[in-house]
Each structure stands twice: as C-alpha cells, then as structure tokens.
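Working notes, beginning with the structure itself.
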Amino acid sequence: MSSDSALAQLTLQRVREFAREPEAVFWTFFFPVLIAVALGIAFRGSGEAPVQVAVVDGPGGAALADMLRESGHAEVQLLAERDAADALRRGDVAITLEAAADGSITYRYDRTREDARHARLVVDDVLQRAAGRTDPRAVTDVLITEKGSRYIDFLIPGLIGLNLLSTGLWGVGYTVVKMRMDRLLKRFATTPVRRSDFLLSFMLGRLGFLGFELLLVLGFAWIAFRVPVRGSILTLAFTATLGAFSFTGLGLLVASRAQTTEAVQGWMNLVSVPMWVLSGVFFSASNFPDAMQPFIQALPLTALNNALRAIMLDGASFVGVGGWNAIVAAWGLVCFVTAVRIFRWK
Amino acid sequence: MNTASAHEAVRCRGLRKRYGDVVAVDGLDLDVHTGECFGLLGPNGAGKTTTIEILEGLIDPDAGAVEVLGRTWQHDGGDLRQRIGVQLQEAQLPPKLTAGEVVRLFRSFYRTGPAPEAVLALVQLDEKRDAWVSRLSGGQRQRLSIACALVGSPDLLFLDEPTTGLDPQSRRSLWELIERFRADGRTVLITTHYMEEAAQLCDRVGIMDRGRIIAVGSPAELIASLGADHVVEFTTNGALTTADLETLPGVRAVREQESRWFLTVREVHAVIPALLELLRARHADLAGLGTHAATLEDVFVSLTGRQLRDE
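Protein sequence lines, in the order shown, are assigned to chains A and B. Here numbering that gives the first Met the number 0 is used: position 137 in the first sequence is 136, and no number is missing along the way. Here numbering that gives the first Met the number 0 is used: position 43 in the second sequence is 42, and no number is missing along the way.
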C-alpha cells in the first residue's frame, strides 16, 4: 500500500482525527482502567464483608444484637420496629431480627435478594451455634486467593472485550454519521473514491491504537492486581485484533445508513446493551438459563470474552481458542460485507 | 441523444425532480458548451442546487436525460467522477486535518492530477498548509474546498454558490481563481444568486426560477433584452398610476414594489425632467430618487416580477 493510495490516506485521516481528539483518546484508553480500578476496589477480596442486620429494639433485642456483633460476621443496628422496617425497605440492611418473649426469633427479609438470603444463613448460623447447636458432620474450608481465580482476574479480560466493542461501535459508528451530517460523505461521493477503501480505512485505523490500548490495560492490571497473562501474548494480540475488526464492522453496519447521531445512538444501544448484560463481562454468562445459552454463546462479545479469558487465565493456545475466534471473525466478515453493500454516502 | 452533443460539456433535456409536493426541477433543458463558464442565476429555492446535484450524479432525476462530458451517470459513473471537480454548498471538510492533509487526501482519490503542493499554491493556501481546517477563515475554507475540486485535474468544474457568505475581498480572490482555471480552456458550471458574480464570471447565464430556466444568454444579451440601459427608482407620496408613468418619454417598463416605483428607461436625462414635471403637476413630493445602469437583477425582475434576493 503506497502512502499515496486512497486507502493509506483515508487510514491516515482516521488516525490523525482520533489522535487530535483528546476526549476520544481519554475514553478509549482510560475508561477501562477506571472501571478496573473501581471494581477492583469494590471486590478487592480482603476477607468476607460482614452482613448488614437490624435488630428490633424490644425484649431480648439488645442481647441478640450483642451476640451477633461479637461473632464478627454482622454489622448490627438496634432500631425501633418502624425504623428497622424502613432500613430494610431502603436496602440499608439485608434482614431484620425480632425476638419474642418465648425466645423465638422472627427473620424478615426478601428471598429474591441474594445478600438477604446470605445474611439469613450467616445470622442463623451464629445464633444457632450460640444456642448450643453442634454440627454432626466435620467440614474443612479451603479459601482461594490464588491469582487467576479472583473476581478481578475474571473482570479484566471482559473489560478488554467490552472496550473493543465500545470503541468499535461508538468510535466508528458515531464518526461515520458525523461525517454524513457534515456532508463530507456527500463530498466524497462526487470523487472516484471506493467505498470499500473508505470503510476499510476504519478497520486499519483501529490497528494504530489497538496495541497501545491493550498494553495499557494489561500493564495496569498486572501492576495493580497481578492479573496474569498465562497464554501467548501473540495469541492474545491476534484475538484482540480480530475482536476490534469485528466490532468495527458492526459499527460500520450500524452507521451505514443512519442519518443522525441520535438515530445511530439508538441502534448502537440496541446492539451493545444486550451484550453488556449477556456476554459475561461483569459476571459469568452461565448465570442465564440454559434455553438462552445457544443465543448468548453465538454473540461476538461472548466468544471474544471466552477467548480472552481462556488465553489470559487458562493459558489456552491459538488452536484452543479457534472456535471462539471463528465466531468473532464470522460476525466481522458478515457485518463488513453487508456494510459495503448497503452503505450510503448521503 | 446524438453525437452532435460531443462539444457540449453538459446537456440535459426535460429534467424533473420532485420532493413530495415540492417540484424542485420542472422540465429543465440546459446546454453548457465546452470551455465556457456557465452560470445558473436565481433566487434561493429556484432549484439551482437540485439541478447541479443531478448533473454531479448525486441525485437521480425523476425524469429527463442527462449527459455530462458526453457520458451518462448510469453507464460511466466511475469515469465521470475522475473527470469532474465538485464544490458542494455547506459541505464541511474534516476540521482536525490540516489544509495540506486534506488536499493530499482528496488527491489520493484520483488517478491523475497536479501535486498537492501545486494546488495549494494555486489557491494561495501554501502558507496555511499546516493549519487545521477549523482555524481557517470562511474564504480560506472555500478556497480549500475548491482546491479539493481541482486535485483531479477536472475537465468540468461544478461550483454551488461558492461565494455565499464571503466578504467582498474573499469573493474577488475566488473569482480570480475560477478565471485562472478557465484560462486552460476547461468548463465551469456555477450557481449563484449574486448577479454581479454572474455578470463578472460567466460567458453565459441561465436565469432560473421555480425549477425552470426562463432565459439564457450572455449577461450583455440578457440586459439588452430589456430594451433599455437604465433603471430609475423613486418613492413619492403622490397618487400615481402605472399608466401615468408609461407615458413619460423613453420609459420601457413600469413596476411598483413595496410603494417604490421602478422605471426601466433608455435615457435617464430625458425621463427625470418629465418625471419631476409630472410630480409638480400632481403636487406630490419626491421622497427618494436613484438611477442605476440596468443589471441582471433587473432582467430577473422584469421576467418574474420579483427580486432576485429575498432581502
């Protein structure tokens, strides 16, 4: 590709415009780092967090509260009945306890809240043991703090995948529509430039910054949290590049006809929000019902995240992630070819 | 169409384009000769932009035949784009690229053409080579836009209201640029609503109104068609009728607009004394009197009864 070819010049345009837009640079490079910091702190895994409990101030209430406090497993507030109910409703506490004159205890909690079910188990366990319960079966707890198995280890590959999606969709889709609104695309339409060159330049333009983006997140994750990369860095780079191409293709497809930035934002949300939720960025995709799994596993972000995690955490080989990469590549190819076909300058 | 159109740069017949209820172009015929500068002159909304964008291959007409440089958009779109240069109204160039980068970008789209540096020099932007487009003045941006239209060494240049919104000096420097391009024997099609621009630049002018061309000719021919060289305009508090004024010596046409009278006349010196005489006889005061040499504006007004500019 000579530097005077249309593709080279268009790619240079992409790179220059991006590099000269400080905000775009900031969001592309530092947003994933910010999320990693925030979630890394929230789930830093320094022991088990105590459960939040309210005890109704009545006969035996104070004693109950002391008992729970001493266990170290609960943070306890002694509240009037009405205040306790308010605290529960607001979510300040996960469960309220009320002792009756006969020594029995009433638990009030929402069964659909995971932290409430957890709080009930913890609280009940403390109280029953204090009351003299003995466990007939011996058990041993082995706690995992091994690097590569913590939440932050799960999170970082997902964030890389998510960032590739965001940059591809928003960076590309928004830029194309802005150019259409500025009538620059209409101006291009009067020249002999090929639309495949124009669209391809977005793919190539992404390459210029991808390496930097990847190194920044991986470097930060290693320095701050010691998140490992167990597989080959080349396989990781290849997989990320494939992901970037695929999502750029998706961005081009979404922007191929949209007339306004509002319209393209709607489309981009429609495409990206389901993947934010379903594709195993913040929690495992296996939390969703089996019936949905074929759909979820076919999404490009699910496949990309699976591949990135397998490479980083399990040390998977190039061949080992081949199936996922094939899914990602297929999405990219179909999106790009469709975009070239239906793209309109005006 | 036949081979007789070989020396026409643009030839179209029965062009029609409608947007919903609005008929933008209404059966337009147009011939632009190779090597001439042809101006489409008309008020806003006359259909100039729709017409030129059909000729540029951007819009498909609903009906009619278009031939550009002897070819049609349906069959030779790719080749035609190599041979035309286009400046669009309100198209923005990338604001965060430098002038030099923009020209190099557009140059890369064409098979042949001058070096980017040469084009920058031609439009006198060599000193602004490294300035971002967003930092250029309106006139400089417009020259850059024309530079991008020239990088492919086009045979035919389309300019859509290139000087709208520019100060007089920028306008003049753009006119010089267009004249330099023409000096190489190449063809220009320009739209404008400035009659001075059409009179200054164009070999021939087509006056456009409501989607049609209502008169074609050189600026001198069009003005001559008025049969008079001057326009006398005045305001008065007296009750005059068109018939009163038509009887004055040398008056070819009378028009009243917003309580101001316009007389198209052959000889100013014969009309003024007679006009003053008439007013004195009616005991009417003259509020404002002016005369000017007849222009394309007067041609437009006499053809349509309306002003060219809507101010």
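A virtual CB, placed ideally from N, CA and C, is assigned to each residue, including glycine. Every value quoted in this text rests on a predicted model; they were computed, and no experiment measured them.
Top-ranked residue by Cα proximity to residue 225 of chain B, from B/192, B/264 and B/210: Considering only alpha carbons, the answer is B/264.
Note down, in chain order, each residue of its chain lying with its Cβ closer than 6 Å to the Cβ of residue 107 of chain A, except the 5 sequence neighbours on either side. Result list for residue 107 of chain A: 95, in chain order.
Go ahead and label residue 3 of chain B buried or exposed: buried means 16 or more other beta carbons lie within 10 angstroms of its beta carbon, across all protein chains shown. Unreliable positioning characterises residue 3 of chain B in this predicted model, as indicated by a pLDDT of 44, which lies under 50. The coordinate reading is nonetheless provided below. So residue 3 of chain B counts as exposed.
Can you give me the start and stop residues for the alpha helix (DSSP H) that residue 117 of chain A sits inside? Boundaries of the alpha helix (DSSP H) harbouring residue 117 of chain A: 113-129, taken from the DSSP string.
Under 8 Å, Cβ to Cβ, is there at least one residue of chain B near residue 183 of chain A? With its beta carbon less than 8 Å from one in chain B, residue 183 of chain A belongs to the interface.
Are the C-beta of residue 57 of chain B and some C-beta of chain A separated by less than 8 Å? Output row for residue 57 of chain B: interface = yes.
I'd like to know if the stretch 268-281 of chain A and the stretch 289-302 of chain A are in contact, where contact means that at least 3 CB-CB pairs between them fall below 8 Å. Taking 8 Å as the limit for Cβ pairs, the verdict is that the stretch 289-302 of chain A does touch the stretch 268-281 of chain A.
Coil, strand or helix - residue 103 of chain B by DSSP: In the displayed model, residue 103 of chain B falls within a helix according to three-state DSSP.
Nearest to residue 283 of chain B by alpha carbon, out of B/295, B/106, B/233 and B/290? Checked all of B/295, B/106, B/233 and B/290; the closest Cα to residue 283 of chain B is B/233.
Rounding to the nearest angstrom, what Cα-Cα distance links residue 320 of chain A and residue 211 of chain A in this structure? C-alpha of residue 320 of chain A to C-alpha of residue 211 of chain A: approximately 23 Å in a straight line.
Buried versus exposed, by CB contacts within 10 Å (16 or more), residue 305 of chain B: Residue environment: residue 305 of chain B is assigned as exposed (fewer than 16 neighbouring CB atoms within 10 Å of its CB, all protein chains considered).
Simplified DSSP assignment, three categories, for residue 157 of chain B: Residue state, collapsed to three classes: strand.
Is it right to say residue 291 of chain A is buried, meaning 16 or more other beta carbons lie within 10 angstroms of its own, or is it exposed? With fewer than 16 other Cβ atoms within 10 Å, it is exposed.
Taking residue 37 of chain B as the reference, which of B/223, B/212, B/200 and B/285 has the closest Cα? For the residues B/223, B/212, B/200 and B/285, the minimum Cα distance to residue 37 of chain B belongs to B/200.
Which of the residues in the stretch 1-23 of chain A, read from start to end, lie with their CB under 8 Å from any CB of chain B? Among the residues of the stretch 1-23 of chain A, those with a Cβ less than 8 Å away from any Cβ of chain B are 3, 4, 5, 7, 8, 9, 11, 12, 15, 16, 19 and 20, in the order of the chain.
Kindly list, in the order they appear in chain B, the residues whose Cβ is closer than 7 Å to that of residue 188 of chain A. What residue 188 of chain A touches in chain B, judged by beta-carbon distance under 7 Å, is 57, going in chain order.
Excluding the 5 residues flanking residue 157 of chain A on each side, which residues of the same chain have their C-beta closer than 7 Å to its C-beta? Non-local C-beta neighbours of residue 157 of chain A in its own chain, meaning closer than 7 Å and more than five positions away in sequence, comprise 279, 280, 281 and 304, ordered along the chain.
Compare the C-beta of residue 333 of chain A with all C-beta atoms of chain B and state if any pair is closer than 8 Å. So, not an interface residue.
Nearest neighbour of residue 250 of chain B, chosen from B/256, B/241 and B/257 [CA to CA]: From the listed residues B/256, B/241 and B/257, the smallest Cα separation to residue 250 of chain B is found for B/241.
Would you say residue 65 of chain B lies against chain A (beta-carbon separation less than 8 Å)? When Cβ-Cβ separations below 8 Å define contact, residue 65 of chain B makes no contact with chain A.
Per-residue contacts from residue 214 of chain B into chain A (C-beta, under 7 Å): Within 7 Å Cβ-Cβ: nothing; residue 214 of chain B doesn't reach chain A, min ~29 Å.
Segment limits, alpha helix (DSSP H) that includes residue 222 of chain B: Its alpha helix (DSSP H) spans residues 218-223.
Residues of chain B with a CB under 7 Å from the CB of residue 156 of chain A: which are they? What residue 156 of chain A touches in chain B: nothing, since even the nearest Cβ is about 33 Å away.
Within the stretch 233-268 of chain B, note down every full alpha helix (DSSP H) run reaching 4 residues or more, in order along the chain. 241-245, all fully within the stretch 233-268 of chain B.
Looking only at its own chain, which residues have a Cβ that is under 7 Å from the Cβ of residue 0 of chain B, when we skip the five neighbours before and after it? For residue 0 of chain B, the pLDDT reaches just 42, beneath the cut-off of 50, and the residue's location in the model is therefore unreliable, leaving the point undetermined.
Can you tell me which of A/88, A/51, A/20 and A/162 puts its alpha carbon nearest to the alpha carbon of residue 76 of chain A? Residue 76 of chain A has its Cα closest to that of A/51, out of A/88, A/51, A/20 and A/162.
Applying the 10 Å Cβ sphere with the 16-neighbour rule, what's the burial state of residue 269 of chain A? Exposure of residue 269 of chain A is indicated by the presence of fewer than 16 other C-beta atoms within 10 angstroms of its C-beta.
Can you name, in chain order, every residue of its own chain whose Cβ lies under 6 Å from the Cβ of residue 281 of chain B, other than the five neighbours on each side? Exclusion of the five residues before and after residue 281 of chain B leaves 237 as the residues of its chain whose Cβ lies within less than 6 Å of its Cβ.
Pull up the CB-CB distance for residue 136 of chain B and residue 94 of chain B, whole angstroms please, since I reckon it's below 8 Å. Distance from residue 136 of chain B to residue 94 of chain B at the Cβ level is roughly 14 Å; contact not present, criterion being Cβ atoms closer than 8 Å.
Rounded separation between residue 316 of chain A and residue 310 of chain A - CA only: Going from the Cα of residue 316 of chain A to the Cα of residue 310 of chain A covers about 7 Å.
Are the beta-carbon atoms belonging to residue 100 of chain A and residue 58 of chain A less than 8 Å from one another? Against a cut-off of 8 Å, the Cβ pair of residue 58 of chain A and residue 100 of chain A comes out as a contact.
Does any residue of chain B bring its CB to less than 8 Å from the CB of residue 175 of chain A? No, no contact with chain B.
Take residue 13 of chain B and list the residues in its own chain whose beta-carbon comes closer than 8 Å to its own, dropping the five residues that flank it on each side. 26, 27, 28, 62, 63 and 64, listed in sequence order.
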